[in-house]
Structures are given as C-alpha cells and as structure tokens.
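Novice: Supplied in structure tokens, the structure appears directly below.
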Amino acid sequence: MKRIYSLLVFIACTLLITSCEDFMDVHKEYIEGGEIIYAPKPDSIAFIAGKERILFFCRTYNSPNVKSVNLYWNDGLDSLLIPVSFNSSYDSIEVVLDNMEEKSYTFTVQLVDNFDHRSLSVTDFGTSYGENYQVSLMDRRIKDISLTDKGGSVEWYSAAEGLLANEVRYVKNDGTESIIRMSSAEYTTFCPDAKAGEEFEFRSLFIPEEESIDTFYTAWSKYDEAFPAEYKFDRSGWTVTVSDETASDGGGKDAIIDDKLDTWWHSNYTDGNTPLPHWAVIDMESSKEMSKIEVYRRPGTTDTKSVEIYIGNSPDANATDWIQLVTGVFGDGDSLELPVPASIDTNRGRYMKILLPDSNREPFTNIAEVYIYGK
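The opening residue of the sequence shown carries number 13 in my numbering; numbering runs sequentially from there.
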C-alpha cells in the first residue's frame, strides 16, 4: 500500500512540472527583454463640440513624469503631440483642435513619460459642427406681441431642442437701438421703453450639445408686425376706490384692473340695494396722455348702461373740479370704446373717475375691466 501511494505522488509531481513548463512556453515571448512598464494613463478625458473645432480636455493624477499627451484620430492618420508638465496632484490641460471637418470623430489618447514609456490607450468620441448644422436651425416662432407704456412684450411658442436663448433688437423711445436676450426656458421677452409703431427683429441662439464651446446664431429676421401704434397703460400699482360694492359677486372693486374679463365690480345689493349713481375712482399714480378708454361690463349681462369718464387731482369723488373726458352708452355688446378727442389735455390729473349714472335694470351696474390707451 505504501509503495502504491509513493507511486501516485511521483506521477502527480511529474504532471505538475510538465504543466508549468508548458505555461512558461506560452508566456515566454511576452517577457523577453524584461517587464513592460507603462506611463500613467489619463484620469479622465473629454471632447467638447464646437463650430468646426473641438475642445480636448485631459485630467491626470500623480503624473509629474509625463512629458507629452499624444492624441490620434482618423485611424491614426492625424495626430497631435502636446508637451506638458503636470504636477503630482490632480492637473489638467485644455487644447482646442481647430479646422475640424464637420463630422464625428473617434479619438485615442496616450500619455508618454520622461523615459518614453507609454500609457495604455484611452478612447473617446467628439463631434465638430458646421454649415450642415447651421442650415438646419429654425427660429423660435412668435405667438403674440403687445405694448404698454412701460415697454413691448414678445410672447413665444415652445422652444426647439438645442435652443439656448432668443434675442430681440428694437427701437426705444429715444431713438436708440437695444438688444434683449432671454433664456429658452422663458416664454415672454420684455423690451423696456419700446417705441410704439416701430418694427423689431429677432433671432435664435442654439448649441448642438449641452456643453458646446460655440453658439450658433440664426440671421436677424424682421417680424411681420410692428409693435402697436397704440399701447395699453400698465396698471400694476394702480388702486381703486368705489361708492359701493358686492365683493362676493365677481371679486369686488379691484377686478376692474386685474386684466380678467371673468371678474367684475358689482354695485351693492346686500342689506338693501344702493341707489344710483355708482362710481369708481382709479389712482393712476401719475397723469397720462390718453388716446382712448375701453370699458367692459360683465359678460352676458346688460345692466350697465351709460358711462362717464372724468380726470382730476383729488381722489374725492365729490370734488367739484373733475374734468369730463368722454361719455358713452353701451350697445348690445359687452365692450364700450371711448376715443379721447385730441383737443382734450388728459395730463390734468392722476385720478380717473368712472361714473355710472343709470342702468338698464335699476339700480344694478357692473364693470369687468377698464383699459386706458396712449400713443
């Protein structure tokens, strides 16, 4: 039994020695001349898109012996050897590759140290954009334009993919030109002090990729409508007082300047009906050069009949120095347009009084909105 065990051990050792010799034969060709030493490879690389160029970024760590960063593309037919001097901590370089044809590229990067050892290759991808991308761009569409005494507003439809911003070039009241830029995330461009009746231009700014180093601009385009020749006064900051109200019906007195036709000021009918006339006084903060006034009553009702408009320097509705501007009577519709004669100087008071002297269903009246225009 002992002889059999010894024989088995001898056979196993023989097989092990033979296997080791075969293993060394397989690897012999790879270790002739000594062990291969590699330079450190990049910690990270990136290729950032541009207009007929690409930005190459390379970050290293603990690579003070690296003397060059070697960059290859077009299957090695094109290359760039970049001399470097990195420190022993994190360090990086950025190099712009100019005159790059518009297409996508595969890049290979190697680091070479002072002993001419090369790092393992690192591969990444980058794209150069040019005329083909440029001609594919379309301006963001304009939905609507409007004008107040404070400036013009341009309202936009949704932004296309890659849109970075929009610009509007317009004429101000003093005759100078101004350019306003707004983010693609916004839907309205406000143009301070825009001149009434003047045309404006617009363009769109695109980036082909999120971190592109270049922005592509569409050509300036003239919009097919000018800013309105007549503008609405901005009523933010204005206040209203009234003779009476039923705030639970329509929202109350402030509804006449909230820019909503589905809210209104209604005369009082709680604890008895307040008799005619009813009035509202609007503090416009300053006198205005007015061209017309629009008054809207509650949609679908005809209670409100006649409207008289006055201006003055006192908020007291019973003052004796109110100056009458215009009067009018509602027809079948919900709106009443009251042009202000050019012969009337409207700059004679910061307060506007709206008097409702009668009704088609006494004593009830209502007003949904009061718009004041200038030129």
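In this text, a Cβ means the ideal position worked out from N, Cα and C, and glycines have one as well. None of these values were measured; they are calculated from a predicted model.
Can you give the beta carbon distance from residue 161 to residue 243, rounded, assuming they're within the 8 Å contact cut?
Specialist: About 6 Å; that satisfies the 8 Å criterion.
Novice: Classify residue 59 as buried or exposed, calling it buried when 16 or more other Cβ atoms lie within 10 Å of its own Cβ.
Specialist: Buried.
Novice: Could you name the residues of the same chain whose beta carbon sits closer than 7 Å to that of residue 377, not counting the 5 residues immediately before and after it, in chain order?
Specialist: Cβ within range, chain order: 279, 290, 315, 316, 368, 371.
Novice: In the DSSP assignment, find the alpha helix (DSSP H) that holds residue 145 and state where it starts and stops.
Specialist: Counting along the chain, the alpha helix (DSSP H) containing residue 145 begins and ends at 143-147.
Novice: Excluding the 5 residues preceding and the 5 following residue 310 in the sequence, name in chain order all residues of the same chain whose CB lies nearer than 6 Å to its CB.
Specialist: Within the same chain, residue 310 has close Cβ partners 276, 378, 380.
Novice: Between which two residues does the beta strand (DSSP E) holding residue 59 run?
Specialist: Unbroken beta strand (DSSP E) run through residue 59: 56-63.
Novice: May I ask you to list the residues that DSSP assigns as paired with residue 348?
Specialist: DSSP output for residue 348 lists 307 as bridge partner(s).
Novice: My output table needs one value for residue 259: the three-state DSSP class, helix, strand or coil.
Specialist: If DSSP states are grouped into helix, strand and coil, residue 259 belongs with coil.
Novice: Using CA coordinates, which residue listed in 187, 181, 252 is at the minimum distance from residue 193?
Specialist: Closest option to residue 193, Cα to Cα, is 181.
Novice: Buried or exposed, going by whether 16 or more other CB atoms sit within 10 Å of the CB of residue 476?
Specialist: Missing from the structure shown is residue 476; the chain here goes from 13 to 387 and no further.
Novice: Grab me the residues of residue 142's own chain with a C-beta within less than 7 Å of its C-beta, minus the 5 sequence neighbours each way, in chain order.
Specialist: Only 63, 64, 114 meet the Cβ criterion.
Novice: Buried or exposed for residue 159, going by 16 or more other Cβ atoms inside 10 Å?
Specialist: The residue is buried, with at least 16 neighbouring Cβ atoms inside 10 Å.
Novice: Can residue 210 and residue 238 be called in contact, C-beta distance under 8 Å?
Specialist: It is a contact, given that the beta carbons lie within the stated cut-off.
Novice: With 16 as the cutoff for other CB atoms within 10 Å, does residue 164 come out buried or exposed?
Specialist: Result: buried.
Novice: Going by beta carbon distance, what residues of the same chain come within less than 7 Å of residue 146, once the five residues before and after it are set aside?
Specialist: Answer for residue 146: 228, listed in chain order.
Novice: Between which residues of its own chain and residue 269 is the CB-CB distance below 8 Å, once the five residues before and five after are set aside?
Specialist: Excluding sequence neighbours, residue 269 sits near 247, 250, 252, 294, 381, 382.
Novice: Helix, strand or coil, according to DSSP, for residue 321 in the structure here?
Specialist: It is a strand residue.
Novice: Could you please give the first and the last residue of the uninterrupted beta strand (DSSP E) stretch that includes residue 78?
Specialist: 78-85 is the span of the beta strand (DSSP E), which, as asked, contains residue 78.
Novice: Output the distance between the C-alpha atoms of residue 261 and residue 225, rounded to the nearest integer angstrom.
Specialist: Straight-line Cα distance between these residues: approximately 57 Å.
Novice: Quick one: give me the first and last residue of the beta strand (DSSP E) that residue 182 is part of.
Specialist: Unbroken beta strand (DSSP E) run through residue 182: 175-183.
Novice: Tell me which same chain residues have a C-beta within less than 6 Å of the C-beta of residue 102, skipping the five on either side of it?
Specialist: The answer, listed in chain order, is 73.
Novice: So residue 365 packs on residue 340, CB below 8 Å; how close in whole Å?
Specialist: Not confirmed; about 15 Å, so no contact.
Novice: Just the C-alpha distance for residue 75 and residue 81, rounded to the nearest angstrom, thanks.
Specialist: Those two C-alpha atoms are separated by around 11 Å.
Novice: Can you tell me which of 344, 346, 342, 337 puts its alpha carbon nearest to the alpha carbon of residue 384?
Specialist: If we check each option's Cα against that of residue 384, 337 comes out closest.
Novice: From what residue to what residue does the beta strand (DSSP E) around residue 291 run?
Specialist: Its beta strand (DSSP E) spans residues 290-295.
Novice: Is the beta carbon of residue 245 less than 8 Å from the beta carbon of residue 155?
Specialist: In this structure, residue 155 does not lie closer than 8 Å to residue 245 by Cβ.
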